[in-house]
Each structure stands twice: as structure tokens, then as C-alpha cells.
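Numbering-wise, our numbering puts 386 at position 105 of the sequence shown, and it's gapless, one number per residue. These notes concern the structure reproduced below.
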Amino acid sequence: MSFPFQKGFIPGSEGCFKHNFMLDATLEDARRNGNEVAVAWLDLEDAFGSIPHHHISRTLQEIEESVPTTWKQSCTILIHKGGNEEEMENWRPIALQPTIGKLFSGIIADRIYCY
């Protein structure tokens, strides 16, 4: 999807929803047909045309630095799915995160999802 101007935050434009719909449709088509899909988000500066890129980066860095380290730590354990325990494909990694960190990241994700 390529547009000559940013589509978010423009009255009358449903850019965010249109992009999400197109992405979902593309991924579902790939799943259904067994095709590979590569997704990339490019040009953050253009997505927020009126906000200088360094302001966005600095703000995101300040937010990240204000989150306590213990909220961001995780412990990865392996869960045996069955079969031969010596074969790696019979194990599934699970990252255990602190509850407060998981809640915090979920709240933040919900708030920025449509932007």
C-alpha cells in the first residue's frame, strides 16, 4: 500500500482502518493459499507529516525509559508438546512476563492501535 500523503489524522479519511483491513485481507489470503507474505512499515516521518521525526523518537525513548526495568523482564521456559523430547520441534517457548508489565503494555497498545 503506497499513498502520496499520510492517511491518518485527516478528517474524512479512514486511513488507519483501511490499512488494517487491507493487511488483514492480505494475511488471510496468504494463509488460505499457503503463500508467503512480507510486511514492512516504512517512513514513520511521513506517517506523521507535521511532527518532526526526532520528536517522535525522543518521546518514545522517554516513555520506554520511564517504565521500570522489572516490568520489561521476562523468563522464557520450554513447554514439551509431546513426542521425542530430544527433537527441538517438540518444544514450545513461552515468555513469562510480570503481570503489571503485561497489563501496562496492553493498555498502551490499545490506546495507540488506531493511530
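Every residue, glycine too, gets a C-beta built ideally from N, C-alpha and C. Fair warning: this is a prediction, and the values are worked out from it, not measured in the lab.
- Counting along the chain, the unbroken alpha helix (DSSP H) around Ile393 starts and ends at 380-393.
- In this structure, the alpha-carbon of Glu345 lies about 24 Å from that of Val320.
- In the structure shown, Ala311 falls within a helical segment according to DSSP collapsed to helix, strand and coil.
- Spanning the alpha carbons of Phe302 and Phe385 requires a straight line of approximately 26 Å.
- DSSP lists Cys356 as the bridge partner or partners of Leu377.
- In this chain, the alpha helix (DSSP H) harbouring Ile337 covers 334-347.
- Shown here for Lys353: same chain residues with a beta carbon closer than 7 Å to its own, the five before and five after excluded, namely Gly382 in chain order.
- Gln378 has its alpha-carbon roughly 30 Å from the corresponding atom of His335.
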